[in-house]
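Peer 1: Structure incoming, see below.
In our numbering, the protein residues as written are 11 to 169.
Here you go:
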């Protein structure tokens with residue numbers, strides 16, 4: 011099937027990735043023995059939930075064309091395809107070492123970098139008339155995640 015993606019499609023994936031990220035941080039928090047690390051990880055999970063809400067809000071503001079179906083898809087296969095992409099490309103199905111905060115932060119930074127590469131690739135598959143320019147907000151949010159995580163990793167190294 012030839013399929014042009016829309017900004018709506020990518021925001022839908024972004025919401026799924028944020029849910030996956032919240033689960034990742036929640037799992038890491040459950041494995042953390044240090045109360046300070048546990049608090050940080052719970053905060054990061056909450057941040058992912060807030061980012062999902064941001065993406066839901068941004069998605070609701072898309073124009074009709076940015077949400078338009080671009081192919082005949084009576085079985086809704088494109089939505090399933092997008093969910094699989096979101097579930098397997100960043101946080102999901104990766105072996106994560108939860109044994110140290112340093113390992114968790116490094117894995118999180120790598121996942122955020124992977125998500126940026128993923129969104130940049132998806133952006134190339136969204137024609138201008140379907141909201142390509144709207145995807146920059148997702149990429150900016152992910153770059154902010156990297157800044158926060160990197161700051162935490164540096165602080166951890168300085169302890």
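Note that the Cβ used here is the ideal one computed from N, Cα and C, for glycine as well.
Keep in mind that this is a model prediction, so the values were computed, not measured.
Excluding sequence positions up to five away, which residues of its chain have a Cβ less than 8 Å from the Cβ of residue 167?
Peer 2: 112
Peer 1: Going by CA-CA distance only, name the one from 45, 38, 66 that's closest to residue 28.
Peer 2: 66
Peer 1: Taking its Cβ as the centre, do 16 or more other Cβ atoms sit within 10 Å of residue 42, making it buried, or is it exposed?
Peer 2: buried
Peer 1: Can you say whether residue 62 is buried or exposed, counting buried as having 16 or more other CB atoms within 10 angstroms of its CB?
Peer 2: So residue 62 ends up on the buried side.
Peer 1: Let me know the secondary structure DSSP gives residue 135 once reduced to three states.
Peer 2: coil
Peer 1: Distance, Cα to Cα, residue 120 vs residue 44?
Peer 2: 23 Å
Peer 1: Going by Cα to Cα distance, which pick from 32, 129, 136 is closest to residue 53?
Peer 2: 32
Peer 1: How would you call residue 144, buried or exposed, if buried means at least 16 neighbouring beta carbons within 10 angstroms?
Peer 2: buried
Peer 1: DSSP state of residue 40, grouped into three classes?
Peer 2: Residue 40: helix per DSSP, three-state reduction.
Peer 1: In whole angstroms, what separates the C-alpha of residue 141 from that of residue 68?
Peer 2: 12 Å
Peer 1: Thinking C-alpha only, which one of 148, 159, 149, 139 is nearest residue 76?
Peer 2: Of 148, 159, 149, 139, the residue nearest in Cα terms is 139.
Peer 1: Can you grab the Cα-Cα spacing for the pair residue 59 / residue 149, in whole Å?
Peer 2: Answer to the nearest angstrom: the Cα atoms are 16 Å apart.
Peer 1: Hey, residue 19 and residue 72 are a contact pair by Cβ (cut 8 Å); roughly how many whole angstroms apart?
Peer 2: Not confirmed; about 10 Å, so no contact.
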